[in-house]
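Beneath this line is the structure, given in structure tokens, with notes to follow.
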Amino acid sequence: MDTADGRKALESGSYLLFLALVTLAFLAVIWPFVMPILWATLAAIMFQPLYRWFHRRMGGPNRAAIVTLLVITIAVIIPAIFIGGVVVEQATSLVLAFREGRIDVAEWFEVILAALPETVRNSLDLEGFGTAELIQQRAQELALESSGLIAREALSITESALGFILAFGVGLYVAYFLLRDGQDIGKRLLAHMPVAGTIAEQLAERFLSIVRATIKGSVVVGLVQGALGAATYWIAGMPSVVLLGLLTALFSLLPAIGPAIIWGPVAIYLLATGAIWQGVVVLISGVAVIGMADNVLRPILVGRDTGIPDWMILISTLGGIAAMGLAGIVIGPMVAGLFLAGWSILYAERNPAPPSDPATKAA
Numbered sequence: 010m011d012t013a014d015g016r017k018a019l020e021s022g023s024y025l026l027f028l029a030l031v032t033l034a035f036l037a038v039i040w041p042f043v044m045p046i047l048w049a050t051l052a053a054i055m056f057q058p059l060y061r062w063f064h065r066r067m068g069g070p071n072r073a074a075i076v077t078l079l080v081i082t083i084a085v086i087i088p089a090i091f092i093g094g095v096v097v098e099q100a101t102s103l104v105l106a107f108r109e110g111r112i113d114v115a116e117w118f119e120v121i122l123a124a125l126p127e128t129v130r131n132s133l134d135l136e137g138f139g140t141a142e143l144i145q146q147r148a149q150e151l152a153l154e155s156s157g158l159i160a161r162e163a164l165s166i167t168e169s170a171l172g173f174i175l176a177f178g179v180g181l182y183v184a185y186f187l188l189r190d191g192q193d194i195g196k197r198l199l200a201h202m203p204v205a206g207t208i209a210e211q212l213a214e215r216f217l218s219i220v221r222a223t224i225k226g227s228v229v230v231g232l233v234q235g236a237l238g239a240a241t242y243w244i245a246g247m248p249s250v251v252l253l254g255l256l257t258a259l260f261s262l263l264p265a266i267g268p269a270i271i272w273g274p275v276a277i278y279l280l281a282t283g284a285i286w287q288g289v290v291v292l293i294s295g296v297a298v299i300g301m302a303d304n305v306l307r308p309i310l311v312g313r314d315t316g317i318p319d320w321m322i323l324i325s326t327l328g329g330i331a332a333m334g335l336a337g338i339v340i341g342p343m344v345a346g347l348f349l350a351g352w353s354i355l356y357a358e359r360n361p362a363p364p365s366d367p368a369t370k371a372a
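Residues 10 to 372, numbered by this note's numbering, are exactly what the sequence shown covers, in order.
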């Protein structure tokens, strides 16, 4: 049997069916660890230049991968765990304060309500938000529900502590091999893709650029805006500044007015309670510092055009969060970028650019 006949037999329908079933079975087996593997893959892509830098200076790939993992652990993982602990503590304290009535919104609500037009006040009355007592009651009801949710989540985390440690170890283990062997694995995957080699290379190039653009343009910029917001809230004397900073970072993922969803109400609260200079500081910082950070950093990190429209980033981020939790912050825009990349490649293949006229070039 020659090579062509052998390949035809290999790619017959029965073998492809067998291959599909085995692939699905493999995915089912590793599915409990799909999120650690995903984060390990993203980390390997983002820190691949650092690994190469260590590899050139250390010589051995194993040592370079280990040192890169140490950098990731010290610079990313440990700070994330510390900040997460502080956020949980502050969120719990805030919920308990609402539940016990130690946070009274009646005073500043009356000030804000008096400053509103009469038509707006009437609308609030119709919706059941027209008095400070009702607002306080709604806030306490929300706090009670939130406290129950936090208690359930804390119990769930405690019960699955072993699973978390196992997933964390799997993520580091996979990241080590992806840092060391990622390029070879990528070449093998491209060779096995059921598309033309040039198209597979284009998709791989777009995928890497989309991952880097998503993480740099969304996660890094969001963290910077969250840190600036936390510093602003600390200067203004707000409590739970780490929690507010994290919320600012999360909402910064929404294009245009994202961070203002947090610093705007904070400024209104400060002004309504008589903290005039603090409210003015938050307003100025929100517009001139927090808001401008995106305009300054995004072009430096990823360029002005990432290929994904703002409206698609918005809906893909929200949809990703709804479908996959916090991981959707990265996965949602990444899927949207691959969607656009796939269709743009198909369009380019079907509508090739006409050859340029040599006479025009000479002219």
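Just so you know, even glycine gets a beta-carbon here, dropped at the ideal spot from N, CA and C. If you're wondering where the values come from, they're calculated on a predicted model, not measured in any experiment.
Residue from the options with nearest C-alpha to residue i
i, options, result
"residue 210", "270, 186 and 354", "354"
"residue 41", "29, 96 and 180", "180"
"residue 217", "47, 23, 35 and 51", "51"
"residue 337", "262, 94 and 253", "262"
"residue 251", "26, 68 and 88", "88"
"residue 226", "326, 214, 243 and 208", "326"
"residue 96", "333, 352 and 255", "255"
"residue 78", "43, 67 and 59", "59"
"residue 260", "318, 174 and 235", "235"
"residue 71", "103, 191 and 36", "191"
Helix, strand or coil at residue i [DSSP, three-state]
i, result
"residue 286", "helix"
"residue 88", "helix"
"residue 202", "coil"
"residue 227", "helix"
"residue 353", "helix"
"residue 304", "helix"
"residue 361", "coil"
"residue 245", "coil"
"residue 30", "helix"
"residue 194", "helix"
"residue 186", "helix"
"residue 69", "coil"
Pair within 8 Å by beta-carbon distance, residue i and residue j
i, j, result
"residue 378", "residue 299", "With the chain covering only 10 through 372, there is no way to say anything about residue 378."
"residue 345", "residue 321", "yes"
"residue 288", "residue 269", "no"
"residue 374", "residue 188", "This structure leaves residue 374 out entirely; the chain is present only between 10 and 372."
"residue 56", "residue 92", "no"
"residue 296", "residue 241", "no"
"residue 176", "residue 53", "no"
Whole-Å CB distance - residue i paired with residue j, under 8 Å assumed
i, j, result
"residue 219", "residue 347", "6 Å"
"residue 303", "residue 230", "6 Å"
"residue 238", "residue 253", "7 Å"
"residue 323", "residue 233", "So it is not a contact: roughly 20 Å between Cβ atoms."
"residue 340", "residue 329", "5 Å"
Within-8 Å CB hit, residue i to chain C
i, result
"residue 89", "Judged by its chain identifiers, the structure shown contains no chain C, having just a single protein chain."
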